[in-house]
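Numbering (the working numbering), first residue to last: 1032 to 1808. Backbone N, C-alpha and C fix where the C-beta goes; we use that ideal spot for every residue, glycine too. None of the values given here were measured: they were computed from a predicted structure. Have a look at the structure below, then the notes.
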Amino acid sequence: MLIWLKHQTDTTHILVAGNELFRGFMHKQNPKVAARVTQAMRTLPRDHFIEMSNPSLVLGRSIPPTNAVSEILNHANIQPDHKMLLVGTGAGYVAALASKLAAKVVALEISDAMAQQAQKRFNELELANLIQRTADGSAGAPELGPYDRIFVATPRVTDKAPLIAQLTDGGQLLAIEQGENETLILTRYEVNEPGAALRKELAMVDFSRDTGLTLLDMGMVDQVMLAEARRVARAKRLPVINVLREKLNLEDSALYRRLAEENAIPFAAIDDLLPQVQPELMEGFSRSFLDSNHLIPLKVKDRTLQVVTDDPDSSVDDIYHMYPYDQVSKTLVTPNDFKRLWTTVELSLQGNAHQLWSAKPEPEEKKDDLLDREKTRIEAHLITLCDALLLDAVSEGASDLHIEQYKNSTRIRLRVDGDLHDLTHYRLSPQEAKGLINVIKIRGDMDIAEKRLPQGGRSQLTAGGVSYDLRIQIQPSLHGEAAVIRMLPQSGNIVDIEDLGMTAPLMKSYRRLLQNPSGLVLVVGPTGSGKSTTLYAGLSELARDGRRKVLTIEDPIEYSIDGIQQTFTRSDIGFNFADGMRSFVRLDPDVILVGEIRDTETAVEAIRASQTGHVVLSTLHANDAVDALQRIYDLEVHANSVASELMAVIAQKLAKRVCTDCRQDAEPDPVILAELFPEGVPASFRCFEGAGCETCGGRGTKGRVGVVEYMQVNTEIRTGISLRYPIAQLRSIALDSGLITMRDSALNHVIEGTIPLSELPRVLPSERMAPEKRGAW
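Written out as structure tokens, the structure reads:
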């Protein structure tokens, strides 16, 4: 077949040499060319061309995968004396490599933003033989030609004649062209005589990247980690992203948002998707098909089906062939949100979710009968509802899930960053609420027939690659039983000491405590104040050091740390904290962690272990560092023993962090300022707040940080302890001895913009808002 193309006064004809299309790059490489290409790729790493600050500019084919680039450059057979034209600079990766292979390279890019970004890289690399212009590359740059090689990186340039006319005799043009079924084909045009070029289809090319390669490009995994993840994914039949996510130190939403940007697909939070759910769509799909492809049909609009997935690599091709939709659009969500959406769809199909309950109130019953009602039947959708609530709690980062029954309603709340928030998208009838409580009882191995007495139980949950220990408490109340489920993550990322919110001097003091030869260190505070997190940060540092043996006795084991021997209590066989302490001292430890000092027996064993030459770390429930001494007194431990062994007490509470994405200067509350500075506000005082953004859900705060009080026990304090001075007197001594108060710590956080000023009344009692007098003892 002969094709004639007119270009100005010249006539160029292109001969198509059959359909020589191969399913891969099958040509025999020139060893010398291959060696030069390999060397160029070593000197110019691809990651240098990945600009994460503006990922919208580098999506798709602008930074092709290294294997595709290598094969294209090998096909091009660029010689050191060649002049080359590149149409479609993209991020600049191919152009930069070509400049290492050819004598001169001219690169054309139609996007000004992309061209500027690429030019910045070229300047950094000092590529003197590379000229870049912002221009429509379809006309080429004849004034700088002719060219030995031309590479057209975009299939949008369909008329090759103007470019072929700029080739030297024997020159070649390589182009990415659109094939059938949206495939891309690498094609070569070779000038074999003046005015004529031979066209040959060389290979199908795939510029797309799977999630593994995307994460590799983003620098979040290396080749070894990726290979291992792919092996595990194949063995378990899981998406590779699910395997890798467990190893990455990133929140789901942050990771998946970046993956969505890299794959040029939308990312959405579940709260935005829930109002759009069309449950009836599920009836037209096979559940096994949806499960295997990780897809959920969300809605149909104008013959376009929108599907949701938690796997960026999931394919929608089969939907085109099997279902009557003109277009299929894919939206990415996190795995937890994907599960939540599944449960919502299932509940919606049964009419039990996202619908206002409008049943009539149940008739009044005698108060004597309120706690003795007939057992509610367990229905399948209630089990699904329980799972949905737990997934909501995990996704919101909640520490507790509350279910409370009232006369005509059921209230469901999550405690997030210390505050309770209502889950308003669930409306349960009284009968459904009773059934839900029974499901929770069964999960916690409790008696569902017992409705008169409080009950406690435990269960396990795994979500998002993290295991949770669920502490369940059921409490009878006027209108039915209430349930509170505490969510305790058993695995996850252990924070470093630098991330605890301590000042530099305080971090230094904490590290010095861990290096002592013996002594007792207490971390105290209310429930859920991060005591274990502080201790684990220290243990993690000891594990990395490796010169000291560390043993722990915990209930439960919250984090698994390599290099530390961890044990958990077994109340069912009578193995408690004190038993663990007694056995540990015979195992040649240097450091012993006791999860909590709850009773006299454990306190005595902790003191004994310290006396025999071990550092003992433990927690205690107390309001501040000096108050911890009163708790020890209450356990009837001899005061002299405490005085001789106690090295330091770290007291802490948690305050909300200002969201770093929307932090701004704030106008301080005059009421709080009056409490903090009764003698006048310092001129340099400043504070910050969060304006509210997508990252923090509009709250202005995200996460929490420790507000710490630190008491180093010195000779004066030891004397006061041994003589059992009153707590108020001991605090005066501690203040004179350099006690770092919670007020000191909280004000540092406020001034640095870590916490908002409004958090101070939440972490400081009113009598501690103003400065405490020092030098009174």
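Cβ-based burial, SER1389 [other Cβ within 10 Å; buried from 16]: Here SER1389 scores only 32 on pLDDT, less than 50, and its place in the model should not be relied on; the value that follows carries that caveat. The residue is exposed, with fewer than 16 neighbouring Cβ atoms inside 10 Å.
Own chain, CB closer than 6 Å to GLU1627, minus 5 neighbours either side, in chain order: Within the same chain, GLU1627 has close Cβ partners THR1650.
8 Å contact criterion, which LEU1075 and ALA1127 should meet: CB distance rounded: Confirmed, Cβ separation roughly 5 Å.
Segment limits, beta strand (DSSP E) that includes MET1235: If you look at MET1235, you'll find it in the beta strand (DSSP E) that goes 1227-1236.
Residues of its chain near MET1072, where Cβ-Cβ distance is below 8 Å and the 5 sequence neighbours each way are ignored: These residues qualify, in order along the chain: THR1097, VAL1100, SER1101, LEU1128.
Cβ contact (3+ pairs, closer than 8 Å) linking the segment 1675-1689 and the segment 1733-1747: A contact exists between the segment 1675-1689 and the segment 1733-1747.
LEU1509 versus ILE1516 - alpha carbon distance: Rounded to the nearest whole angstrom, the CA to CA distance from LEU1509 to ILE1516 is 20 Å.
The segment 1652-1663 touching the segment 1688-1706, judged by at least three CB pairs closer than 8 Å: Contact fails: fewer than three Cβ-Cβ distances are below 8 Å.
Alpha-carbon spacing of ILE1752 relative to LEU1648, whole angstroms: Distance between the alpha carbons of ILE1752 and LEU1648 is about 19 Å.
Status (buried if at least 16 other CB within 10 Å, exposed otherwise) for ILE1595: Counting Cβ neighbours within 10 Å, ILE1595 comes out buried, since at least 16 surround it.
Paired residues, beta bridge with ARG1601 - DSSP: According to DSSP, which records beta bridges pairwise, ARG1601 is partnered with PHE1606.
Environment of PHE1320 [buried if 16+ CB atoms lie within 10 Å]: Answer is exposed; the Cβ neighbour count stays below 16.
Endpoints, alpha helix (DSSP H) assigned at THR1069: For THR1069, the enclosing alpha helix (DSSP H) starts and ends at 1062-1074.
Whole-angstrom C-beta distance between THR1785 and GLU1740, which should lie under 8 Å: GLU1740 to THR1785, Cβ: 16 Å. No contact.
Secondary structure, alpha helix (DSSP H): runs of 4+ residues fully inside the segment 1119-1201: Whole alpha helix (DSSP H) segments, 4+ residues: 1124-1132, 1143-1156, 1192-1195.
Residue from LYS1361, VAL1263, LEU1244, VAL1222 whose Cα sits closest to the Cα of PRO1297: That would be LYS1361, whose Cα lies nearest to the Cα of PRO1297.
Helix, strand or coil at ASN1105 according to DSSP, with G and I counted as helix: Note: ASN1105 maps to helix in three-state DSSP.
Start-to-end residues for the beta strand (DSSP E) that takes in ALA1514: In the DSSP assignment, ALA1514 falls within the beta strand (DSSP E) that extends over 1513-1520.
PRO1343 classed as buried or exposed, judged by whether at least 16 other C-beta atoms fall within 10 angstroms: Buried: at least 16 other Cβ atoms inside 10 Å.
Nearest-angstrom Cα separation, counted from GLY1488 out to ILE1758: When only Cα atoms are considered, ILE1758 and GLY1488 end up about 37 Å apart.
Alpha-carbon spacing of ALA1198 relative to ASN1154, whole angstroms: Checking the displayed sequence, the identity of residue 1198 turns out to be Leu instead of Ala. Spanning the two alpha carbons is a distance of roughly 28 Å.
Which listed residue (VAL1137, THR1583, ILE1604, GLN1642) has its alpha carbon closest to that of THR1598: Comparing Cα-Cα distances from THR1598 to each of VAL1137, THR1583, ILE1604, GLN1642, the minimum goes to THR1583.
Per-residue DSSP class, three states only, for PRO1811: In the structure displayed, the chain extends from 1032 to 1808; residue 1811 sits before or after that span and is not available.
Cβ neighbour criterion (16 or more within 10 Å) applied to THR1353: The identity of residue 1353 in the sequence shown is Met, whereas the question assumes Thr. By the 10 Å Cβ count, MET1353 comes out exposed.
Buried versus exposed call for LYS1131 [16 or more other C-beta atoms within 10 Å across all chains shown]: It counts as buried.
Buried/exposed call for HIS1669, threshold 16 Cβ in 10 Å: HIS1669 is exposed by the Cβ-count criterion.
VAL1364 in three-state terms, based on DSSP: Note: VAL1364 maps to coil in three-state DSSP.
PRO1507 versus GLN1491, ASP1530, ILE1468, LEU1531, residue with shortest Cα-Cα distance: Nearest to PRO1507 by alpha-carbon distance, out of GLN1491, ASP1530, ILE1468, LEU1531, is ILE1468.
Element boundaries [alpha helix (DSSP H), containing ILE1638]: Where ILE1638 is concerned, the enclosing alpha helix (DSSP H) stretches over 1631-1642.
Test item: CB-CB of ARG1749 and ALA1674 under 8 Å: Taking 8 Å as the Cβ cut-off, ARG1749 and ALA1674 qualify as a contacting pair.
Helix, strand or coil at PRO1802 [DSSP, three-state]: PRO1802 sits in coil when the DSSP states are folded into three classes, being neither helix nor strand.
Per DSSP, cross-strand counterpart(s) of VAL1470: Note: VAL1470 sits in no beta bridge, so no partner.
Three-pair Cβ contact test at 8 Å for the segment 1699-1718 versus the segment 1728-1736: No, the segment 1699-1718 is not in contact with the segment 1728-1736.
Three-state class that DSSP yields for ARG1219 in the structure shown: Assignment of ARG1219 by DSSP, reduced to helix, strand and coil, places it in the strand class.
Sequence-distant residues of the same chain with beta carbon closer than 6 Å to LEU1104, five excluded per side: Setting aside the 5 residues that flank it on each side, LEU1104 is surrounded in the same chain by VAL1068, each with a C-beta closer than 6 Å to its C-beta; the list follows chain order.
C-alpha distance - LEU1329 paired with PRO1587, whole-angstrom precision: C-alpha separation (whole angstroms): 40 Å.
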